[in-house]
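Chemist: Structure provided below as structure tokens; questions to follow.
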Amino acid sequence: MVSMKISTQIEVASSLLGEEKAVEYVAKAGFDAWDFSMFEMGINQNHPLSGTNYLAFARKLKQIGLDNGIVCNQSHAPFPSASPEVRPYLKRAIECTAEAGGSICVIHPNNDMSPEENAEMYLELLPFAKEHHVKIATENMWNWDCDKDESSFAACATSESFLAHLDAVNDDYLVACLDIGHAEMRGSGSGAANMVLALGSRLKALHIHDNDRWHDNHQLPFSMSIDFAPIVTALKKIGYDGWFTLEADSYLKDFQKDNVFEGMKNLAKSARRLADMFDRA
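This is the structure in structure tokens:
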């Protein structure tokens with residue numbers, strides 16, 4: 100039986116170590132893959148991803164991964180997607196995903212737009228994505244209700260909204276990335292297990308992290324309040340064939356350059372625990 104593979108995003112590790120060392124440490128920590136965080140693209144004009152040699156930089160990271168026995172499984176484009184600083188770089192994010200060897204690029208929907216309005220952006224990007232053999236994943240989002248002190252509805256926050264966004268595009272190259280933490284926040288989501296079952300075979304990617312089921316904490320799995328057992332059971336039931344990819348970036352923010360590798364090993368242990376639950380289910 101093929102075991103579930105684990106991955107993690109590299110945003111915080113990259114801020115401490117640089118992307119090159121971050122990819123190396125992901126491998127040495129025990130992950131099978133790395134998730135290409137591109138949040139500096141278009142925002143920080145001094146970053147390699149914003150310059151003219153962005154593809155060479157993506158190729159370099161791919162090779163570092165391969166030299167250390169791991170691959171790039173997916174990426175995350177910069178956001179918010181509708182921002183004038185970000186919107187022109189979404190095709191570049193897809194291009195860099197392909198160059199790094201990833202097969203899925205997560206591109207946020209606009210929180211406050213309808214499925215039909217968000218579909219316009221995805222339909223514009225899809226021909227380019229197909230040329231590069233990269234699928235686009237939309238993600239469940241959240242807003243915040245200050246009066247109620249809890250999350251409120253945003254694009255794809257519920258199963259119904261998520262499915263409506265996928266249906267509005269109706270193309271195999273637009274898939275679902277379920278953010279487990281967002282789905283479990285009080286006030287807006289449908290609950291991660293319910294959303295897994297609703298999305299079914301259209302669910303191709305995950306952002307996994309833990310929280311207090313109230314705030315978007317992005318913490319180490321099994322350290323807070325989310326019950327992962329029913330979520331893993333639901334993933335097994337639909338025959339989920341993607342990766343278990345962590346987005347527990349806030350957990351690493353408590354570490355420094357000289358000890359961040361210990362944090363990354365803890366992340367890998369938690370991800371492997373989840374993967375073992377899936378394999379045994």
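Residue numbers (our numbering): 100 to 380. In this text, a Cβ means the ideal position worked out from N, Cα and C, and glycines have one as well. Here the structure is a predicted model, which means the values were calculated and not measured.
#1: Keeping to the same chain, check which residues put their C-beta closer than 6 Å to that of D278; ignore five residues upstream and five downstream.
#2: Classify L319 as helix, strand or coil using the three-state DSSP reduction.
#3: What are the partner residues of K234, as DSSP defines its beta bridges?
#4: Please report how far the alpha carbon of A367 lies from the alpha carbon of A333, in whole angstroms.
#5: Leaving out five residues before and five after A121 in sequence, what residues of the same chain have Cβ atoms less than 6 Å from its Cβ?
#6: Here's a check: name, in chain order, each residue in its chain whose Cβ is nearer than 8 Å to the Cβ of A347, leaving out the five neighbours to either side.
#7: Whole-angstrom Cβ separation of R186 and Y153, contact assumed at under 8 Å?
#8: DSSP three-state call for N242: helix, strand or coil?
#9: Span of the beta strand (DSSP E) holding N143?
#10: For F130, which of V170, A157 and S149 has the nearest alpha-carbon?
#11: From what residue to what residue does the beta strand (DSSP E) around N172 run?
#12: Decide if K161 is buried, meaning its Cβ has at least 16 other Cβ atoms within 10 Å, or exposed.
#13: If you measure between the beta carbons of M294 and S250, is that distance less than 7 Å?
#14: Is V268 near A218, with beta carbons less than 7 Å apart?
#15: Which residue from F261, G117 and P177 puts its Cα closest to that of R301?
#16: In chain order, what residues of the same chain have a beta carbon less than 8 Å from the beta carbon of P214, not counting five sequence neighbours either side?
#17: How would you write the range of the beta strand (DSSP E) that V274 sits in, first residue to last?
#18: Over what stretch of residues does the alpha helix (DSSP H) that includes T107 continue unbroken?
#19: Where does I307 sit, in a helix, a strand or coil, going by DSSP?
#20: Going by DSSP in three states, E184 sits in which element: helix, strand or coil?
#21: State the DSSP-derived secondary structure class of D348, mapped to helix, strand or coil.
#22: Assign D271 to one of two classes, buried (16 or more other C-beta atoms within 10 Å of its C-beta) or exposed (fewer than that).
Modeler: In brief:
#1: If you ignore the 5 residues before and after D278, its C-beta comes within less than 6 Å of the C-beta of E238, N239 and H306, all in its own chain and listed in chain order.
#2: coil
#3: I203
#4: 22 Å
#5: Correct list, in chain order: I109, A112 and S113.
#6: T107, I307, H308, D309, H317, Q318, L319, P320, L366 and S369
#7: Rounded, the Cβ-Cβ distance is 16 Å, inconsistent with contact.
#8: Three-state DSSP puts N242 in a strand.
#9: No beta strand (DSSP E) contains N143, which DSSP labels as neither H nor E.
#10: Distance from the Cα of F130 is smallest, within the candidate group V170, A157 and S149, for V170.
#11: V170 to H175
#12: Buried: at least 16 other Cβ atoms inside 10 Å.
#13: no
#14: yes
#15: F261
#16: A254, S260, A263, H264, D266 and A267
#17: From DSSP, the beta strand (DSSP E) with V274 extends over L273 to D278.
#18: Looking at the DSSP string, T107 is not in any alpha helix (DSSP H); the run it does join, the beta strand (DSSP E), is I105 to Q108.
#19: strand
#20: coil
#21: helix
#22: Label assigned to D271: exposed.
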